[in-house]
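Note sheet for the following structure.
2 protein chains.
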Amino acid sequence: MRTYGQFCGIAKALDIVGDRWTLLIVREMLALGPCRYSDLRNGLPGIATNLLASRLKELEAADIILREAAHPPVASHLFVLTERGRELEGVLRELGRWGMPMLEEPGQDDVFQAHWLAVPAKALTDRAPDEPPAVVQLKAEGVTNLVIEMARGTIHVHTGRVDHPSASMAGPPELLSSVLAGTIALETAQRRGLHVTGDLSAVERMLPLDDEKRD
Amino acid sequence: MRTYGQFCGIAKALDIVGDRWTLLIVREMLALGPCRYSDLRNGLPGIATNLLASRLKELEAADIILREAAHPPVASHLFVLTERGRELEGVLRELGRWGMPMLEEPGQDDVFQAHWLAVPAKALTDRAPDEPPAVVQLKAEGVTNLVIEMARGTIHVHTGRVDHPSASMAGPPELLSSVLAGTIALETAQRRGLHVTGDLSAVERMLPLDDEKRD
DNA sequence: CCGGATCCGGGTTGATACTG
DNA sequence: CAGTATCAACCCGGATCCGG
């Protein structure tokens with residue numbers, strides 16, 4: 115492994131997670147939870163299979179992920195983040211926040227997958243722990259849907275759909291991204307084509323407060 | 115430029131700053147302020163000069179730095195971070211925090227430079243805005259010294275030495291790093307060989323609070 | 001189909017030398 | 001001082017193949 119050879123926390127971190135694709139692999143596992151090899155490959159369009167295999171080995175050696183025998187019915191094994199791996203969420207949150215301004219326009223030939231919204235969404239906190247649990251369904255055009263669940267002050271995210279959500283948001287990726295990141299207000303997004311149905315207060319409860327929006 | 119082609123803030127950020135050396139160049143400019151080409155090269159031991167030149171061009175194109183004509187007396191020109199560049203501080207802070215546990219042992223052949231402590235130090239806040247300004251001098255073994263100035267609630271860091279600091283800390287890099295990051299308590303560090311002289315309260319005023327130490 | 005391993009062409013990096 | 005030029009080595013991406 116190539117290192118910078120500097121006695122500096124930033125350099126040490128980049129020694130481990132600074133290689134191409136590495137942080138995106140961690141993003142996948144933060145967004146999806148335990149992943150099969152092919153889940154990862156699907157979430158990382160363009161990665162070479164040998165690179166994915168080699169990165170997974172390096173991440174395992176660095177104690178960021180581990181390989182877990184899957185429960186009998188289905189797959190052979192799963193890749194899971196360790197505690198040390200989950201601690202990278204702060205890095206990814208800051209990177210995502212910094213990169214958000216570049217998502218304002220729809221993106222020419224970019225691929226979009228709904229679960230990538232999970233990282234900004236997980237950075238949120240449900241500030242109304244006393245309110246009853248609520249579920250918001252996200253539908254981006256042409257991709258898997260996303261479910262955001264709030265209960266007891268925390269937020270949990272997963273892909274898929276749910277039968278009776280408290281509220282639903284549907285629209286183009288850039289509007290969903292910007293709203294979840296707090297870059298634009300909900301009303302603005304609605305005016306630009308975001309469709310919100312159901313309990314509006316459940317959605318508002320989920321969005322960043324003003325002082326969480328740095329950009 | 116090679117991009118991931120994903121409509122995702124994290125991927126967009128990595129498209130720009132994910133290349134090898136790029137974030138370390140930003141670290142240098144955050145720590146040192148405006149830099150000459152050779153300041154950067156000195157702070158990045160091991161970088162190839164052509165790589166440095168090419169990264170600087172890319173950073174300039176991405177509006178992260180700009181090239182500024184220097185004031186008459188000395189250099190030809192300086193590299194300065196733009197606002198957009200300074201906004202990367204959050205990313206570097208999180209990376210440094212995550213990498214800190216790897217600095218616990220002195221590091222075999224690693225190079226150390228005092229100004230690398232500036233990034234963790236800048237992440238601090240002076241929580242005693244009403245107290246008089248204070249200056250802490252840092253002396254790591256065998257390298258340039260560092261000055262941390264507190265006044266009116268904020269902290270400012272630069273290299274060099276000052277004549278009459280409020281307090282002084284001297285010792286091996288790993289102790290200084292850990293203390294500034296809040297990984298170990300000041301007393302522990304003193305017991306392990308950190309020398310603190312002068313006004314102890316000035317030093318304590320500068321260290322992370324318990325709830326700022328995540329690790 | 002899943003989870004890779006192998007091979008190959010081309011782009012990127014790094015070391016050194018050299019120049020205005 | 002601030003780079004450019006050159007070149008070898010390595011890394012990356014794409015395709016192919018292979019054992020469960």
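Chains as they are written, first to last, in the numbering used here: chain B, 115 to 329; chain P, 115 to 329. Ideal placement from N, C-alpha and C gives every residue a C-beta, glycine not left out. Predicted model, so just to flag it, every value in this text is computed and none were measured.
In this structure, residue 296 (chain P) lies away from residue 224 (chain B), with their beta-carbon atoms at least 9 Å apart. Residues of chain P whose Cβ lies closer than 7 Å to the Cβ of residue 208 (chain B) are, in chain order, 204, 205 and 208. Taking a C-beta distance under 9 Å as the contact criterion, residue 159 (chain P) and residue 220 (chain P) do not qualify as a contact pair.
In this structure residue 172 (chain B) does not touch residue 180 (chain B) by the C-beta definition: roughly 13 Å separates them, more than the 8 Å allowed.
In terms of CA proximity to residue 169 (chain P), P:132 leads the group P:190, P:217, P:132 and P:293. The continuous alpha helix (DSSP H) containing residue 139 (chain P) extends over residues 136–146. When Cβ-Cβ separations below 9 Å define contact, residue 243 (chain P) makes no contact with chain B.
For residue 233 (chain P), at least one C-beta of chain B is nearer than 9 Å to its own C-beta.
The beta-carbon of residue 126 (chain B) is placed less than 9 Å from the nearest beta-carbon of chain P. Taken residue by residue, none of the stretch 300–321 of chain P has a beta-carbon sitting less than 9 Å from a beta-carbon on chain B. From the beta-carbon of residue 280 (chain P), no residue of chain B is found nearer than 9 Å; the closest lies around 26 Å away.
Non-local C-beta neighbours of residue 141 (chain B) in its own chain, meaning closer than 7 Å and more than five positions away in sequence, comprise 206 and 233, ordered along the chain.
For residue 271 (chain P), no CB of chain B lies under 9 Å from its own CB, so it is not counted at the interface with that chain.
For residue 205 (chain B), there is no enclosing beta strand (DSSP E); the enclosing alpha helix (DSSP H) has its first and last residue at 203–213. The C-beta distance from residue 124 (chain B) to residue 209 (chain P) rounds to 5 Å, short enough to fall under 8 Å. Taken atom to atom, the span from the alpha-carbon of residue 272 (chain P) to that of residue 165 (chain B) is near 41 Å. The beta-bridge partner set that DSSP reports for residue 283 (chain P) consists of P:252 and P:310.
Among the bridge pairs identified by DSSP, residue 149 (chain P) is matched with P:193.
Taking a C-beta cut-off of 9 Å against chain P, the contacting residues of the stretch 120–152 of chain B are 120, 121, 122, 123, 124, 125, 126, 127, 128, 129, 130, 131, 132, 133, 134, 135, 137, 138 and 141, listed in chain order. By DSSP's assignment, residue 181 (chain P) forms a beta bridge with P:193. Shown here, residue 127 (chain B) sits in a helix according to DSSP, grouped into three states. The continuous alpha helix (DSSP H) containing residue 233 (chain P) extends over residues 232–236. Taking C-beta atoms under 8 Å as the contact rule, residue 275 (chain B) and residue 261 (chain B) qualify, at a distance of about 7 Å. Ranked by how close their Cα comes to the Cα of residue 253 (chain B), the residues B:236, B:279 and B:238 have B:279 in first place. DSSP links residue 154 (chain P) through a beta bridge to no other residue.
The shortest C-alpha to C-alpha distance from residue 134 (chain P) to any of B:163, B:116 and B:162 is the one to B:116.
At a beta-carbon threshold of 7 Å, the residues of chain B lying near residue 223 (chain P) are 119, ordered along the chain. Exposed is the label assigned to residue 309 (chain B), since fewer than 16 other Cβ atoms lie within 10 Å of its Cβ.
With fewer than 16 other Cβ atoms inside 10 Å of its own Cβ, residue 167 (chain P) counts as exposed. Not flagged as an interface residue toward chain P: residue 168 (chain B), since no C-beta distance is shorter than 9 Å. Contacts with chain B at 9 Å (Cβ-Cβ) include residue 160 (chain P). Contacts with chain B at 9 Å (Cβ-Cβ) do not include residue 251 (chain P). The contact set of residue 217 (chain B) on chain P, defined by CB atoms closer than 9 Å, consists of 121, 122, 123 and 126 in chain order.
According to the DSSP secondary-structure assignment, residue 273 (chain P) is paired through a beta bridge with P:260.
Here residue 231 (chain P) really is in contact with residue 291 (chain P); their C-beta atoms are around 6 Å apart, less than 8 Å.
Taking C-beta atoms as the reference points, residue 313 (chain B) and residue 265 (chain B) fail to come closer than 9 Å.
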